[in-house]
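Going down the list, the protein sequences come from chains E and W.
Following full-length UniProt numbering, the numbering of the first sequence begins with 1 at its first residue and continues without gaps.
Following full-length UniProt numbering, the numbering of the second sequence begins with 1 at its first residue and continues without gaps.
All C-beta atoms, glycine included, are put in the ideal place defined by N, C-alpha and C.
First the structure, in the form of structure tokens, and then the observations on it.
2 protein chains.
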Amino acid sequence: MSDRYASFAHSGPGKALVKRLGLPDPPRLRRHRPGDPLAPGPVLLGAAPGGRLLEPVRKMLASAGVELRDAAPAGENGRPAPHAALIFDATGITDSTGLRALYDFFHPVARALQPSGRVIVLGTPPEACDAPREATAQRALEGLTRSIGKEFGRGTTAQLVYVTPGAESAVESTLRFLLSGRSAYVSGQVIRIGPAAAVNPPADWDRPLDGKVALVTGAARGIGAAIARVLARDGAHVIALDVPGAGDALAGVANEIGGTALQLDLTAPDAPARLADHLAERHGQVDVVVHNAGITRDKTLGRMDAGRWDSVLDVNLSSTERINDVLLERGLIREGGRVVGVASIAGIAGNRGQTNYATSKAGVIGLVQSMAPVLAERGVTINAVAPGFIETKMTAKIPMFIREAGRRMNSMAQGGLPVDVAETIAWFASPASGGISGNVVRVCGQSLLGA
Amino acid sequence: MSDRYASFAHSGPGKALVKRLGLPDPPRLRRHRPGDPLAPGPVLLGAAPGGRLLEPVRKMLASAGVELRDAAPAGENGRPAPHAALIFDATGITDSTGLRALYDFFHPVARALQPSGRVIVLGTPPEACDAPREATAQRALEGLTRSIGKEFGRGTTAQLVYVTPGAESAVESTLRFLLSGRSAYVSGQVIRIGPAAAVNPPADWDRPLDGKVALVTGAARGIGAAIARVLARDGAHVIALDVPGAGDALAGVANEIGGTALQLDLTAPDAPARLADHLAERHGQVDVVVHNAGITRDKTLGRMDAGRWDSVLDVNLSSTERINDVLLERGLIREGGRVVGVASIAGIAGNRGQTNYATSKAGVIGLVQSMAPVLAERGVTINAVAPGFIETKMTAKIPMFIREAGRRMNSMAQGGLPVDVAETIAWFASPASGGISGNVVRVCGQSLLGA
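Now the structure itself:
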């Protein structure tokens, strides 16, 4: 879906008008194209004394071909030359007074980032710190990172990545995702990486899902179709599932990506068994399950009929639980498998007219958090994306004023694209992402809205 | 601080203009006045089958003199008659399909609330549920509650209160706070109540702090002065602390409430020891410590000098840690004591131009979460408020357009008052709030802004 405003704002007359009227000037975001280098310029690497991630990260990125710098050389006008990314290892900070190291690193280079630059702060999860003072300082990193995301502009993203001690070797898939254009619309997020049962770096980072089987529900259009395409691009054989009514569109997607189309109403009583039979007979097991199917039936609670409540809860939440349970009971998710849910900002912040939808999406977050330890016993991860304003046929129908507010009220001053959600799911799905489970990552351009 | 817009919007000509132009029409919020009944009307009580909180809550509220109903009687026009509050015990919900009980309870009475009505949903903390399905359903409650907060309007607040099994007897102070006008500007919050070492219902609920000694830092003006006044109203002897430069204002507050003024620069190297000496000599021990002192020094990170970083971090975070440590080392916080911090929405969501402030306030959240288990060993709780847009001299200086946006972008369509923050702190400080620790509660009228 194109963003007409962004196109206009970048045209000759549009640019002049945007400037004259002080309208939002959405930057063109760097998005991933096959063959792109990991980072389109040098990456500045720093650390507070005693950090445990600096050296592993340095080795990882150097062997990935990234140009690394330990200090910012002066540019033409005396200012530091621009970087593609600023990465700071804050794991050595054990007390709030040590937070000064963040200022010392970021202050001189705050204006030395290329457009669509990247800021990555690495820390220790506060809950994994023994001393309260260390936990306090590590928790403080969140305020810095989220503020940088709101401040730097020009398509810069900023994230905080908490790495549990012992999980140092599990960070590569996350660094690659965050540095690349795949994470164009992900900003202001806190990501937790734990020790992984299995972190398997792919033979080819451009096709990490080679040989894998991926199921995507609601795949006929919009975000679901984008997920199917990106997982196929990454090498997976995709089973594209949607309701029988979506037949033609579904077949189109499946044909385009050399996948399989599967027509099934997931809320039917026999759906979990039929799906399980299909997977067992045709594929033996499945590696990646993306529960993307979802509906909205908006009404304020006082005017909502019971059908709207029941259908939204069943499609978005209960049917997912039933399918997960059958797939697990029958051992159909392969060891090292990946389960991904789709939550929503509404599930985090609540929304007027969406008591049913927000309840279902908050439930998806609960599902991810409660199933993560259960699935860990089988070497399977579970995570969710929480999309913000994404340009689809659905959002195109929102009344103009509300739509424009939703589009602009984020650090990117624009809506995201379905591919942005899909790339985030592909990162969760990577065999190298074994250390990532129980995470809910927003794909919202750091929307102002939240809880 | 008065809200001129709200006063205007409620005047004769203002009302007409507000309606004609579709301007926000902020409701007059019900705030607590001494002698007010707990709830200004009947309270509707419901539960999903198997709930463990319905009966304890019924007994508690009945003996507090609240008029309780189990069903909504029809009102004049066939609609249900209005209630002061809707309370639903959702602890019996063990599966997402059981969430339908929420719809069944709230749908018929969604428009049957008095102005400044109250919605309270009681649940089990997802992390305390054994089965993932139960944890998922309990987590889903958050989406419902936050949506109701955004939807019901007219000053209605909505909260989710998670009560750990075994902590049923610890909920009274929270129910009283939430039902009363003390929580006028608290909405969309998730509160966790755990088993308490000591829950001591006060002899007089109007003076729960009788005989207690409370320290309030930054007490000379604004929110700090309001905290001092409310704690004194609740019976405490208040030690009002501020920097020597605030002498006259500080003395004024202390005299007004019959407390003690203490002039001290908390960032001075000897401040913790001097404060500890003062407390030990004059009072023996202290019961309530409110770390309210805080400063802002806004600049974007690239333009921020090191002094702005250091001073904000030191005043807002590091000095608090030093003082806590000395008070604990010297055993000056009495068993059953209460420590309260002041965080901020900026510490949750980040803010442009406030990397220093947001880092310090995110640190306050870390301090609360990391110290809670340490202090629990001494029977002491620690919590924080996170104010949103509060009408003070500081916010009055914000440029008009940004100020109005901050004021209106919440479920109450208005800024809060210092007393709203103070009442929330008084709830934490109550001897009956022993089950509340490690909580960060926003006082923001359910601001749209968040993480």
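Nearest neighbour of residue i, chosen from the options [CA to CA]
{"i": "S235/E", "options": "L175/E, P26/E, G245/E, A426/E", "result": "Rather than Ser, the amino acid found at residue 235/E in this sequence is Gly. Among L175/E, P26/E, G245/E, A426/E, the Cα nearest to that of G235/E is on A426/E."}
{"i": "P272/W", "options": "S318/W, A358/W, A131/W", "result": "S318/W"}
{"i": "Q414/W", "options": "R58/W, A85/W, I333/W, Y185/W", "result": "Y185/W"}
{"i": "residue 455/W", "options": "R79/E, E335/E, S180/E, G50/E", "result": "Summary: the structure shown does not reach residue 455/W, with chain W confined to residues 1 through 451, and so no result is reported for it."}
{"i": "I295/W", "options": "V286/W, A280/W, L266/W, E281/W", "result": "L266/W"}
{"i": "G379/W", "options": "L175/W, R334/W, E329/W", "result": "R334/W"}
{"i": "P373/E", "options": "P399/W, R52/W, C129/W", "result": "C129/W"}
{"i": "D25/E", "options": "H32/E, H10/E, L53/E", "result": "H10/E"}
{"i": "Q138/E", "options": "G117/E, R192/E, R118/E, S187/E", "result": "R192/E"}
{"i": "M371/W", "options": "E55/E, E127/E, L45/E", "result": "E127/E"}
{"i": "R118/W", "options": "D325/W, A74/W, F88/W", "result": "F88/W"}
{"i": "A131/W", "options": "D325/E, A246/E, E281/E", "result": "D325/E"}
Endpoints, the beta strand (DSSP E) within which residue i is located
{"i": "residue 493/W", "result": "The structure shown does not extend to residue 493/W, since chain W is modelled only from 1 to 451, so the question has no answer here."}
{"i": "P115/E", "result": "113-123"}
{"i": "R139/W", "result": "No beta strand (DSSP E) contains R139/W, which is instead part of the alpha helix (DSSP H) from 132-152."}
{"i": "G363/E", "result": "Careful: G363/E lies outside any beta strand (DSSP E), inside the alpha helix (DSSP H) at 355-376."}
{"i": "G341/W", "result": "333-342"}
{"i": "I191/E", "result": "189-193"}
{"i": "V230/E", "result": "No beta strand (DSSP E) holds V230/E; the alpha helix (DSSP H) holding it covers 222-233."}
{"i": "D325/W", "result": "Careful: D325/W lies outside any beta strand (DSSP E), inside the alpha helix (DSSP H) at 319-329."}
{"i": "V289/W", "result": "286-291"}
7 Å Cβ shell around residue i - same chain, five flanking residues per side excluded
{"i": "K150/E", "result": "S411, Q446"}
{"i": "G450/E", "result": "I348, A349"}
{"i": "L241/W", "result": "L215, V216, T217, A219, L262, L264"}
{"i": "V238/E", "result": "A214, V216, A228, L231, A232, I257, G259"}
{"i": "S173/E", "result": "W427, S430, A432, S433"}
{"i": "V199/W", "result": "S169, A170, A432, G434, G435"}
{"i": "H283/E", "result": "V213"}
{"i": "R322/E", "result": "P272"}
{"i": "T136/E", "result": "S96"}
{"i": "L275/E", "result": "L264, I323"}
{"i": "W309/E", "result": "N356"}
Helix, strand or coil at residue i [DSSP, three-state]
{"i": "A240/E", "result": "strand"}
{"i": "I398/E", "result": "coil"}
{"i": "F389/W", "result": "coil"}
{"i": "T217/E", "result": "strand"}
{"i": "H278/W", "result": "helix"}
{"i": "A432/E", "result": "helix"}
{"i": "residue 457/E", "result": "Here chain E covers residues 1 to 451 and nothing more, so residue 457/E does not appear."}
{"i": "L251/E", "result": "Looking at the sequence shown, residue 251/E is not Leu but Ala. It is helical."}
{"i": "G302/W", "result": "helix"}
{"i": "R207/E", "result": "coil"}
{"i": "R403/W", "result": "helix"}
{"i": "G450/W", "result": "coil"}
{"i": "H10/E", "result": "coil"}
{"i": "V419/E", "result": "helix"}
6 Å Cβ shell around residue i - same chain, five flanking residues per side excluded
{"i": "F389/E", "result": "G406, R407, G415"}
{"i": "N351/E", "result": "A358"}
{"i": "N316/W", "result": "G294, S360"}
{"i": "G363/W", "result": "L317"}
{"i": "A196/E", "result": "A170, G434, G435"}
{"i": "P244/W", "result": "Q263"}
Bounding residues of the alpha helix (DSSP H) (the contiguous stretch that carries residue i)
{"i": "L159/W", "result": "Per the sequence shown, residue 159/W should be read as Gln rather than Leu. Run containing Q159/W: none in the alpha helix (DSSP H); it sits in the beta strand (DSSP E), 157-163."}
{"i": "A85/E", "result": "Where A85/E is concerned, there is no enclosing alpha helix (DSSP H), although the beta strand (DSSP E) it sits in stretches over 83-89."}
{"i": "V43/W", "result": "Per DSSP, V43/W belongs to no alpha helix (DSSP H); it is in the beta strand (DSSP E), 43-47."}
{"i": "D104/W", "result": "100-106"}
{"i": "V57/E", "result": "54-63"}
{"i": "I345/E", "result": "345-349"}
{"i": "S411/W", "result": "Per DSSP, S411/W belongs to no alpha helix (DSSP H) and is neither H nor E."}
Cβ-heavy atom distance, residue i to the ligand NAD, below 6 Å
{"i": "L54/W", "result": "Of ligands this structure carries none, so the ligand NAD is not represented either."}
Beta-carbon proximity list for residue i, same chain, < 8 Å, skipping 5 on both sides
{"i": "A346/W", "result": "Q354, Y357, A358, K361"}
request  = Examine the Cβ distances between the region 25-40 of chain W and the region 60-80 of chain W and report whether three or more of them are shorter than 8 Å.
outcome  = yes
ask   = Is there contact between the region 340-356 of chain E and the region 291-299 of chain E, where contact requires at least three CB pairs shorter than 8 Å?
value = yes
ask   = Is the region 298-312 of chain W close to the region 423-443 of chain W, with three or more CB pairs under 8 Å?
value = no
ask   = At a cut of 8 Å, does the region 169-188 of chain E reach the region 255-262 of chain E through at least three beta carbon pairs?
value = no
ask   = Any chance the region 152-166 of chain E sits against the region 393-405 of chain E, with 3 or more Cβ pairs inside 8 Å?
value = no
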